[in-house]
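Asks: Take a look at this one; I'll ask things after.
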Amino acid sequence: MGINLTRGLAAPLAVLAMAGAALPASAQDGSTEARLKKAETEIRALQRKVFPGGDGKYFEPEITAAQPTGTTAARPSTTAVTDMLARLDALESQIARLTSQTEENTNAIAQLGTRLGALEVTSTAAAAATVPAVTPTPTSTPAVTATRTPPPPPPAAKPTAQRLAAVQAIAKPQTDDPGKDEYDYGFRLWEAKFYPEAQQQLSLYVEKYPKHAQISYGRNLLGRAYLDGGKPNEAAPWFLKNYQSDKQGARAPDSLLYLAESMIAVKDTKRACIALAEFGETYPAVASGRLKSQYDADRGKVKCN
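If you want it as structure tokens, here you go:
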């Protein structure tokens, strides 16, 4: 009986002991919660002093409007640390872009330098390959695009008194057209077979009157004065110049045909054939008309493919 009474009293006492132990623990949890809330309040106050502003960027406001409840998950609040991390990420991205752009610019500058160097080398090579204009030789052809002015004739040997007298016997015309007078006088010297004197006179004419109405006749006749005087190398440049200067000139067809004859005289068959072919293609009417006999004779002197 005594034992049962003791057990009956022990059970309520154990419950009371457990309840007594639970009360201090509950009181302790409430105290901790209060301290945490106080610490959070003080941190927020400190944040307001350090980071003034009411936009809630660095801390949450103490009083906020009621948010509607729903299933959407709440977005995490932004803190100073996350903001700095975001700014660091942005800076690193900018640095990466700048580095990439710098590398591209460096490559572009290097390529530009390479191209400039190549251009300088090309320009230097072209300048080294450029040679001054020279008197066309038998290798000149009608296909030459640049017109070169032939050099003045070399000084002739001192003529004899008899020759001087014969030349002086040829009168120089005196009209109101001095250019025509110079040409006509050169023609008379050439006609009299005074070729060196005709060369000198006609050179004076073409130099002094390059725009004269008879300039095509003058250049062609100057070439003939050299050709008839046994100087085909000196004649060829004048024939070429007269043809290239004005292909519609009165004596341009004649000059092209005489150019072929000059090439035949120096045994340059290839260029003679080129001149003859160009004459036939450029002046078909003249080739079958006024100069037909001369054209046929010249073609008979060479064998062209």
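With the first letter of the sequence shown counted as 1, position 240 gets the number 237 in our numbering; the numbers rise by one all the way through.
C-beta atoms are modelled at their ideal positions from N, C-alpha and C, and glycine is treated no differently.
#1: Taking the alpha-carbon of Ala233 as reference, which of Asp181, Ala158, Leu218 has the nearest alpha-carbon?
#2: Could you give the residue range of the alpha helix (DSSP H) that holds Gly220?
#3: Which residues mark the beginning and the end of the alpha helix (DSSP H) in which Gln241 is found?
#4: Using the rule of at least 16 other Cβ atoms within 10 Å of the residue's Cβ for burial, across every protein chain shown, is Ile167 buried or exposed?
#5: Give the DSSP-derived three-state secondary structure of Thr157 in the structure shown.
#6: Assuming Pro247 and Ser290 make a contact with CB atoms under 8 Å, what is their CB distance in whole Å?
#7: Expressed to the nearest angstrom, what Euclidean distance is found between the alpha-carbon atoms of Lys155 and Glu188?
#8: Can you tell me which of Thr266, Asp295, Pro250, Ala274 puts its alpha carbon nearest to the alpha carbon of Arg287?
#9: Would you mind sorting Asp293 into buried or exposed? The rule is 16 or more other CB atoms within 10 Å of its CB.
#10: Report the rounded CA-to-CA distance for Ile310 versus Gln98, giving the unit in angstroms.
#11: Terminal residues of the continuous alpha helix (DSSP H) containing Ile167?
#12: For the alpha helix (DSSP H) containing Val283, list its first residue and its last residue.
#13: I need the straight-line Cα distance from Phe236 to Tyr206, nearest angstrom please.
Replies: In terms of the structure at hand:
#1: Leu218
#2: 212 to 225
#3: 229 to 242
#4: exposed
#5: coil
#6: The amino acid at residue 247 is misidentified as Pro; the sequence shows Ala. About 19 Å; that fails the 8 Å criterion.
#7: 21 Å
#8: Pro250
#9: exposed
#10: Because residue 310 is not part of the residues shown, which for the chain are -2 to 302, the question remains open.
#11: That residue, Ile167, is in no alpha helix (DSSP H); it is neither H nor E in DSSP.
#12: 281 to 284
#13: 18 Å
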